[in-house]
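What follows is one structure encoded as C-alpha cells, with my remarks underneath.
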Amino acid sequence: MKPSSFKYLAPGTIEEALAIMAAHGYEAKALAGGQSLIPMMNFRLAQPAVMVDLNNLPELAYIRPEQGGGLRMGAMTRQSAIEHSAIILERAPMLHATMPNIAYSQIRNRGTLGGSIAHADPSAELPAVSVALDGRFRIRSHRKERWVPANAFFVGLFTTVLEPDELLVEVELPPMPRRCGWAFTEVARRHHDFALVGAAAAVTVDARGACEQTRLVLFSVGDGPVEAHQAAKMLAGQPPTLEAIRAAAETAARDDVDPGTDINATAEFRRHLVRVLSGRVLTQAFGRAHAQNSSFPA
Ligand SMILES: Cc1cc2nc3c(=O)[nH]c(=O)nc-3n(C[C@H](O)[C@H](O)[C@H](O)COP(=O)(O)OP(=O)(O)OC[C@H]3O[C@@H](n4cnc5c(N)ncnc54)[C@H](O)[C@@H]3O)c2cc1C
Numbered sequence: 046m047k048p049s050s051f052k053y054l055a056p057g058t059i060e061e062a063l064a065i066m067a068a069h070g071y072e073a074k075a076l077a078g079g080q081s082l083i084p085m086m087n088f089r090l091a092q093p094a095v096m097v098d099l100n101n102l103p104e105l106a107y108i109r110p111e112q113g114g115g116l117r118m119g120a121m122t123r124q125s126a127i128e129h130s131a132i133i134l135e136r137a138p139m140l141h142a143t144m145p146n147i148a149y150s151q152i153r154n155r156g157t158l159g160g161s162i163a164h165a166d167p168s169a170e171l172p173a174v175s176v177a178l179d180g181r182f183r184i185r186s187h188r189k190e191r192w193v194p195a196n197a198f199f200v201g202l203f204t205t206v207l208e209p210d211e212l213l214v215e216v217e218l219p220p221m222p223r224r225c226g227w228a229f230t231e232v233a234r235r236h237h238d239f240a241l242v243g244a245a246a247a248v249t250v251d252a253r254g255a256c257e258q259t260r261l262v263l264f265s266v267g268d269g270p271v272e273a274h275q276a277a278k279m280l281a282g283q284p285p286t287l288e289a290i291r292a293a294a295e296t297a298a299r300d301d302v303d304p305g306t307d308i309n310a311t312a313e314f315r316r317h318l319v320r321v322l323s324g325r326v327l328t329q330a331f332g333r334a335h336a337q338n339s340s341f342p343a
C-alpha cells in the first residue's frame, strides 16, 4: 500500500515546528524516526494531511548529564545513541539494558526516544521503563510548556495526554536513589519481536535492607504500561525474602493486570508470564540493591 497524499514540511527550528502544529492541529503528524508512522501511513491507519519532519532539529537530539546525577535526553535522540552511550550506562543502567530488546539495530538507528514514547504502543519497552525510572516529559506547544510525569502521560491504547498542537521535546530521569536496584526482562517469540509480556522493576531498600519503595511496571498486558500497585504495597516495609517476592509476583498476576487474549498469547499465558517475570525482576532488583551494601543480611 502507499500512503494517501500529504503535504511535507521540514521546519528548521522548534518554534517553526510548533507554529505548523498549531496551524494544522489534528491534520498534522510529527515525523521522528518514521519506524511506526510510515508503516501506519502505508496501511492507511494514519492519514495526516501534513507531515512535520522533526529531523532537521538537531537541538532535539542530545543526552545531557544533570548536576546531582540525573539525565536529560532530547526527544529526537536515536534509540541507538542511547544504546551506545556511556553516560546512559552509568546513570540509567536499566534504560541501557533495555535498548537491545527494541526491534533490530537498523530500526534503532532511525527510531527515536520521543517517537516511541509519543506512539505509546502498549507492547513498547520505553514507555514502561520511563515509568519505572520515575521519568517526566517536557511538552511544548506554541501556547505553553508543561512537564508531565511518565506515570500520568499514557492514558489509553496508543493514546497520551499530548494535545494535537503539542510536541514531546525532552525526557528527564531523576538521579538514581541510594540503595537502589533495577531489572528488566521480557518474553518474545523471537528475540527483537514485540514482547508478549515485559517487566521492569526499580526498587530501594532502607538501611536495614527492608523494602522502601518498589516500582514494578508491566507491559503488553493492558492499554499501556501497568504499574503493579498491589504487589508494591505488599512489599513495603518488608524484608524482600524469596517468599515475599513470590507472594508479590502472585498478586501482580492476579490483581494488578487484566490482560487480553490475541493471536500472540492467551490471557492465561500472559498472567503466567506476569507471575514469572515479576518474580525474576524483583529478585534481581533487590539483589542489586543489597549488593550496594555488604552489611545487609544475604
Ligand atoms: C519491524 C519493527 C519492529 C519493531 N519492534 C519494536 C519493539 O520490539 N519494541 C518497540 O518499542 N518498538 C518497536 N518498533 C517501533 C520502533 O521502536 C519505533 O522506532 C517507535 O515506535 C517509534 O519511534 P519513531 O522515532 O520511529 O517515531 P515515528 O514513527 O516517526 O512516530 C511515531 C508516532 O509518534 C509521533 N511523534 C513522534 N515524535 C514525536 C514528538 N517528539 N512529539 C509528539 N509526537 C511525536 C508521530 O507523529 C507518530 O504518531 C518496531 C518497529 C518496526 C518497524
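Going by my numbering, the sequence shown opens with residue 46, and the numbers climb by one from there.
Where a beta carbon is used, it is the ideal one built from N, C-alpha and C, also for glycine.
So residue i and residue j are in contact, right, with Cβ under 8 Å, and what is the actual spacing, rounded?
i	j	result
Leu-178	Thr-122	Incorrect: roughly 15 Å between the Cβ atoms, too far for contact.
Val-214	Arg-191	With 8 Å as the limit, Val-214 and Arg-191 do not qualify as a contact, their Cβ atoms being about 11 Å apart.
Val-302	Arg-316	7 Å
Val-174	Met-118	No, Val-174 and Met-118 are not in contact; Cβ-Cβ is about 12 Å, not under 8 Å.
Glu-217	Gly-180	6 Å
Glu-128	Arg-153	6 Å
Val-176	Glu-272	6 Å
Met-86	Tyr-53	Incorrect: roughly 12 Å between the Cβ atoms, too far for contact.
Leu-99	Ala-77	6 Å
Ala-297	Leu-263	7 Å
Ser-323	Leu-261	6 Å
Val-193	Ala-334	Going by Cβ atoms, the distance from Val-193 to Ala-334 rounds to 28 Å, so no, they are not a contact pair.
Leu-116	Arg-89	Incorrect: roughly 38 Å between the Cβ atoms, too far for contact.
Gly-201	Gly-269	7 Å
Gly-243	Glu-170	6 Å
Ala-255	Pro-284	5 Å
Pro-304	Gly-267	7 Å
Leu-147	His-141	According to the sequence shown, residue 147 is Ile rather than Leu. Not confirmed; about 12 Å, so no contact.
Gln-329	Ala-228	4 Å
Please indicate yes or no: does the CB of residue i lie closer than 7 Å to some heavy atom of ligand 1?
i	result
Glu-170	yes
Gln-80	yes
Thr-157	yes
Lys-74	yes
Ala-125	Per the sequence presented here, residue 125 reads as Ser, with Ala not at that position. Every heavy atom of ligand 1 is 7 Å or more from the Cβ of Ser-125, so no.
Ser-323	no
Leu-318	no
His-141	no
His-129	no
Ser-161	yes
Pro-84	yes
Ala-244	no
Ala-177	no
Leu-213	yes
Phe-182	no
Asp-98	no
Phe-51	no
Leu-263	no
Leu-207	yes
His-187	no
His-237	yes
Asp-210	no
His-335	no
Ala-62	no
His-65	With the sequence shown as reference, residue 65 is identified as Ile, and His is not the correct amino acid for it. Incorrect: Ile-65 has no Cβ contact closer than 7 Å to ligand 1.
His-69	no
Ala-77	yes
Ala-120	yes
Ala-45	The requested residue 45 does not occur in the structure, where the chain is confined to residues 46 to 343.
Ile-152	yes
His-164	yes
Going by DSSP, what residues sit across from residue i in a beta bridge?
i	result
Gly-226	Val-248
Pro-194	Arg-181
Thr-204	Gly-201
Val-95	Lys-52 and Ala-73
Val-216	Met-118 and Phe-182
Ile-108	Met-118
Glu-231	Gly-243
With a threshold of 8 Å between beta-carbons, can residue i be considered close to chain B, or not?
i	result
Ala-126	Given the protein chain composition of this structure (a single chain), no chain B is represented.
Beta strand (DSSP E) runs wholly inside the segment 110–176, at least 3 long, in chain order: 116–119
Only counting runs of 3 or more residues, tell me where the beta strand (DSSP E) segments fall wholly within the segment 233–306, in order along the chain. 242–250 and 256–264
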